[in-house]
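First the structure, in the form of structure tokens, and then the observations on it.
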Amino acid sequence: MHAAFYDRQGPAHEVLQLGDLPTPEPGPGELRVRVHASAVNPSDTKTRGGWGGAPMPFPRITPHQDGAGIIDAVGAGVPASRVGERVWVYEAQRGRAGGTAAECTVVPAIQAVPLPEGIGFDVGACLGVPALTAHRCLFADGPVTGRAVLVQGGAGAVGLAAVLLARWAGAHVLATVSRPEQARTAEAAGAHVVINRRTEDVPARVRSATGGAGVDRIVDVDLAANLEQDLACIAPNGVISAYASASPDAAASVVVRRTMMRNAVIRTVFVYEMGAQAHADAVRDVTACLAAGVYRPLIGLRLPLDRVADAHDAQDSGATVGKIVLEVAR
């Protein structure tokens, strides 16, 4: 099969290779997906680049956690009726050397989710890591119906997923952005209030938009940078959920008294360690949101698999608004 892979960590154009690798065979409880589309996530490029000094988990890696395609083979214990099913795949490379940047990938059967009719493979590839992360940030502490939610970084992959899911669930959604094109993206996704964090006073806008009450949930892309701002925005008994940091060495100084006086919770979310029930809940709701026509991820860049290094550079640059998707099927 044709695939992208790397044998050492480093810059994308230095380490990523393209070539033919053996087509994997599914084992017990597994199935094989012929990949049509593969999406790039920050965790994919961080693993490739050795972010934070993390070593290569395998001698050779075919990258990318998320993708979509058609099941073409199943292992023992998986119904043969699943062959031919259109699916979206999540965490394909978790604990494995082979991800979705290849013509075929093998995953546990539960990680290949039926793709609703009318939904393209490119959209299916955009779910996975960002959608499951956003779901956990929003719903780990209960429903958000009728609550005010602030999404810090509302035009990023996880941020946009959080806006879409929060609107679907009936929340009043506020989002911060840093560029006009990001503002348009967050507004199109359904954010009720969009705040430019570079030109506006975020806590003042939040208080104004919530009648002084503050927000019940915050989904944060960079807790170390935003903690003081978050504490100024959170309502009593609110939850701040953080899923990323701009630097591997960043440290957040928690202002204990201010947090305690609001009876607030600071939650951290790492999608790969969420647990089986959290994954199942997220998959259920994301698929329902998708089937309802509400989940509309923005695809900012489409490239063929052979330009995987360009896709990684685009992800690392942060210049692309929207998901970066590789077209794999030939």
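First residue of the sequence shown? That's 6 in my numbering, and the numbers climb one at a time after it. Backbone N, C-alpha and C fix where the C-beta goes; we use that ideal spot for every residue, glycine too.
Count the other CB atoms within 10 Å of the CB of Gln22; is the residue buried (16 or more) or exposed (fewer)? The count along the sequence shown starts at 1 and reaches residue 22 at position 17. With fewer than 16 Cβ atoms within 10 Å of its Cβ, Gln22 is classed as exposed.
Using CA coordinates, which residue listed in Val38, Val134 and Gln320 is at the minimum distance from Arg87? Translated into positions along the sequence shown, residue 87 becomes position 82. Nearest of Val38, Val134 and Gln320 to Arg87, Cα basis: Val38.
With respect to 7 Å, is the separation between the Cβ of Ser258 and the closest non-hydrogen atom of the ligand COA below this value? Here there are no bound small molecules, and the ligand COA is not part of this structure.
What residue range does the beta strand (DSSP E) around Gly24 cover? Looking up residue 24 in the sequence shown gives position 19. Segment Gln22 to Asp25, the beta strand (DSSP E) holding Gly24.
Neighbourhood of Ala240 by C-beta, 7 Å cutoff - its chain only, sequence neighbours within 5 removed: Counted from its first residue, the sequence shown places residue 240 at position 235. Result list for Ala240: Ala218, Gly219, Val220 and Asp221, in chain order.
Would you kindly report the start and end of the unbroken alpha helix (DSSP H) that includes Cys294? For the purposes of this step, residue 294 is identified with residue 289 of the sequence shown, where counting begins at 1. Ala281 to Ala296 is the extent of the alpha helix (DSSP H) around Cys294.
Going by Cα to Cα distance, which pick from Ser48, Pro29 and Gly175 is closest to Ala78? The residue given as residue 78 occupies position 73 in the sequence shown. Checking every option, the nearest Cα to that of Ala78 belongs to Pro29.
4-residue-minimum alpha helix (DSSP H) runs that sit fully inside the segment 141-174, ordered along the chain: 162-173
By Cβ distance below 8 Å, which residues in the same chain neighbour Arg13 in space, the five residues on each side in sequence not counted? Start at 1 with the first residue of the sequence shown, and residue 13 comes out as number 8. Hits under 8 Å: Val20 and Met61.
Opposing strand residues paired with Tyr248 [DSSP bridges]: Sequence index remark: in the sequence shown, residue 248 carries index 243 (1-based). Bridge partners of Tyr248: none, in fact.
6 Å Cβ shell around Arg172 - same chain, five flanking residues per side excluded: Within the sequence shown, residue 172 is the residue found at index 167, counting from 1. Same-chain partners within the cutoff: Val178 and Gly195.
To the nearest whole angstrom, what separates the beta carbons of Arg189 and Ala287, a pair I think is in contact under 8 Å? Taking the first residue of the sequence shown as position 1, residue 189 is located at position 184. Taking the first residue of the sequence shown as position 1, residue 287 is located at position 282. Not confirmed; about 27 Å, so no contact.
Where does Val260 sit, in a helix, a strand or coil, going by DSSP? On the sequence shown, residue 260 is found 255 positions in, with the first residue counted as 1. DSSP places Val260 in coil when its eight states are reduced to three.
Rounded C-alpha distance that separates Arg263 from Gln157: Translated into positions along the sequence shown, residue 263 becomes position 258. Translated into positions along the sequence shown, residue 157 becomes position 152. So the two alpha carbons sit approximately 20 Å from each other.
Compare the C-alpha of Arg203 against each of Pro16, Arg184 and Ser322 and name the closest. On the sequence shown, residue 203 is found 198 positions in, with the first residue counted as 1. The option with the nearest alpha carbon to Arg203 is Arg184.
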